[in-house]
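What follows is a set of notes on a single structure, which appears directly below.
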Amino acid sequence: MIMRSADPPAKRLSGATQGLRVSLVTDPAGLVESPPCDGVRVCIHAGPPVYAVCRHGSQQHRGTIMFGDVDIIPPRTAASWELNGPDVDLVVTIDEALLRTVVQDGRRDPRGLEIRSRFQIRDARIEHIGWALMAEMESGYPSGELYLEGLAVGLAASIVQNHSSFARDPSPVRGGKTARRLREATSFIEDNLGRRLALGDIARAAGWSVSHLTPQFRRSIGMSVHQYVIRRRVDRAAGLLRTGTLSVSQVAVEVGFCHQSLLARHMRRLLGVSPRDLRERAS
């Protein structure tokens, strides 16, 4: 059994953004437990698919976690995961004080704030903010305090507006035919990142036509299929580079880039670092 800290070690954002902490956490297969903490934990899956039984307090959910799936763990709630393989999560912890400030700014009573527990949801805004925070973390926080403060407030506002007692729809639907087909599409992408991917192949895997796949994907995931594939290739490459066992050129081929220069270009754009820099930091 692995005991994950309720507040994983991470670089604390100073000044006005002290209410938010971010870390990239890798857990092995098996039981992982995380004790309660005072903040709200947002866990964004950042690795290959893994089957898990997840528990937040007395609530439980089981299923295959896909890249970009979001879990939200309310304050003072213990959590655990029974994993059938290694798991990588971007964990963002938000202090309740920041959430209450957002509620007050909206001229509402923060005493009525209650955060909803969420399992494996899709939320494009939370994903975008999470990846921006991850890119800042990877590159050593070069954009400054004002940028980080904006991300922190944006994330807190998204949670209040969509995943709290103040949300318009307190019980978003996770299932349905569209959700299942999207998971088929993203699962196919995960299984085939290292080879050439075509829209037609991805659409067939999901049981859609290309004309149905493209708008549904952008609407639900928040980016185009092409952008998603590039993002996944870069993130998988980053994971491989952190292990330090493969050269940059080998990693590029492994994740589906025809040349390491393409990997370097997209990694600098998305993560703010070069493949060589990331590999050297891991050594």
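Residue 283 in the working numbering sits at position 283 of the sequence shown, with consecutive numbering throughout.
We treat Cβ as the ideally placed atom computed from N, Cα and C, and that holds for glycine.
Opening and closing residue of the beta strand (DSSP E) in which residue i lies
i       : result
Ser-80  : 79-83
Gly-19  : Segment: none, Gly-19 is in no beta strand (DSSP E) and carries neither H nor E.
Ser-34  : 30-34
Ile-115 : It is not in any beta strand (DSSP E) - Ile-115 carries neither H nor E in the DSSP assignment.
Distance CB(residue i)-CB(residue j) smaller than 8 Å
i       : j       : result
Leu-113 : Ser-165 : yes
Leu-83  : Ala-52  : yes
Leu-20  : Val-102 : no
Ser-220 : Leu-182 : yes
Arg-268 : Gly-244 : no
Met-134 : Leu-193 : no
Ala-237 : Val-253 : no
Phe-67  : Thr-186 : yes
Those residues which DSSP pairs with residue i across a bridge
i       : result
His-61  : Cys-54
Leu-90  : Leu-24 and Ile-44
Ile-230 : Its beta-bridge partners do not exist; DSSP assigns none.
Ser-164 : Ile-115
Exposure of residue i, with buried meaning 16 or more beta-carbon neighbours within 10 Å
i       : result
Leu-240 : buried
Pro-215 : exposed
Ser-209 : exposed
Pro-275 : buried
Thr-26  : exposed
Arg-195 : exposed
Cys-43  : buried
Gly-39  : buried
Gln-60  : exposed
Arg-55  : buried
Phe-119 : buried
Pro-170 : Only weak support exists for where Pro-170 lies, its pLDDT of 49 falling under 50; the value from the coordinates is given anyway. With fewer than 16 other Cβ atoms within 10 Å, it is exposed.
Continuous alpha helix (DSSP H) stretch holding residue i: start and end
i       : result
His-266 : 260-271
Asp-201 : 199-206
Glu-219 : Checking the sequence shown, residue 219 turns out to be Arg, not Glu. It spans 210-221 - the alpha helix (DSSP H) in which Arg-219 sits, taken as one unbroken run.
Asp-71  : It is not in any alpha helix (DSSP H) - Asp-71 instead sits in the beta strand (DSSP E) that spans 70-73.
Ala-124 : 124-138
Val-255 : Counting along the chain, Val-255 falls outside any alpha helix (DSSP H), and DSSP gives it neither H nor E.
Ser-187 : 177-191
Asp-105 : 96-105
Pairs of beta-carbons, one from the region 26-39 and one from the region 142-161, closer than 8 Å: are there three or more? no
Does the structure place the region 74-82 close enough to the region 106-121 that three or more beta carbon pairs sit under 8 Å? yes
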